[in-house]
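Input: a single structure, listed below in structure tokens.
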Amino acid sequence: MGLRLNYARAYPEALEAMLKMEKFSKSGGIEPQLYELVKIRASQINGCAYCIETHTKDARAFGEKERRIYLLNAWREAPCYSEKERAALEITEYVTRISEKGVPNEAYENARAHFDEREFVALVVLINTINSWNRIAISTGMQALMI
Numbered sequence: 001m002g003l004r005l006n007y008a009r010a011y012p013e014a015l016e017a018m019l020k021m022e023k024f025s026k027s028g029g030i031e032p033q034l035y036e037l038v039k040i041r042a043s044q045i046n047g048c049a050y051c052i053e054t055h056t057k058d059a060r061a062f063g064e065k066e067r068r069i070y071l072l073n074a075w076r077e078a079p080c081y082s083e084k085e086r087a088a089l090e091i092t093e094y095v096t097r098i099s100e101k102g103v104p105n106e107a108y109e110n111a112r113a114h115f116d117e118r119e120f121v122a123l124v125v126l127i128n129t130i131n132s133w134n135r136i137a138i139s140t141g142m143q144a145l146m147i
């Protein structure tokens with residue numbers, strides 16, 4: 001499938017709104033590497049090649065190790081993630097798949113053990129923002145760069 005629609009050209013205010021959400025989610029105190037890991041994991045779940053490519057490049061630019069990027073879809077079995085990262089990735093999966101099971105109290109409590117109230121809100125907004133980007137990219141046919 002190729003590009004169906006250039007949404008930014010068709011409705012620039014939509015892009016502006018998304019960029020405001022992005023800016024807000026960046027202001028919440030989530031470390032840059034974790035920020036990108038969350039974006040990659042949600043994009044993997046959603047099957048968004050465009051966002052996976054974009055955020056793996058961004059993660060590398062912040063110094064993320066290749067091994068941790070490669071193992072992200074198996075984070076539960078990989079020993080290279082901290083407890084805080086695991087808590088964020090768990091919440092990422094539940095929020096991304098919220099219609100399946102909601103967000104269980106155990107996952108919420110685990111995340112709250114690592115994130116204060118403000119950080120937790122920032123994390124949830126980040127997850128919602130990347131899910132919105134994924135849905136825009138997939139529904140408009142945005143493509144990963146073919147190099």
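Under full-length UniProt numbering, the sequence shown has 74 at position 74, and the numbering climbs by one with no breaks. We treat Cβ as the ideally placed atom computed from N, Cα and C, and that holds for glycine.
| Asked | Found |
| --- | --- |
| Residue from 124, 68, 37 whose Cα sits closest to the Cα of residue 54 | 37 |
| Sub-7 Å separation of residue 28 and residue 87 beta-carbons | no |
| Residue 136: CB within 6 Å of a non-hydrogen atom of the ligand COA | Ligands displayed in this structure: none; no statement on the ligand COA is therefore possible. |
| Exposed unless 16 or more other CB atoms sit within 10 angstroms - verdict on residue 126 | buried |
| Contact under 7 Å by Cβ, residue 39 with residue 130 | yes |
| Euclidean distance between Cα positions of residue 25 and residue 124 | 9 Å |
| C-beta atoms of residue 89 and residue 41 nearer than 7 Å | yes |
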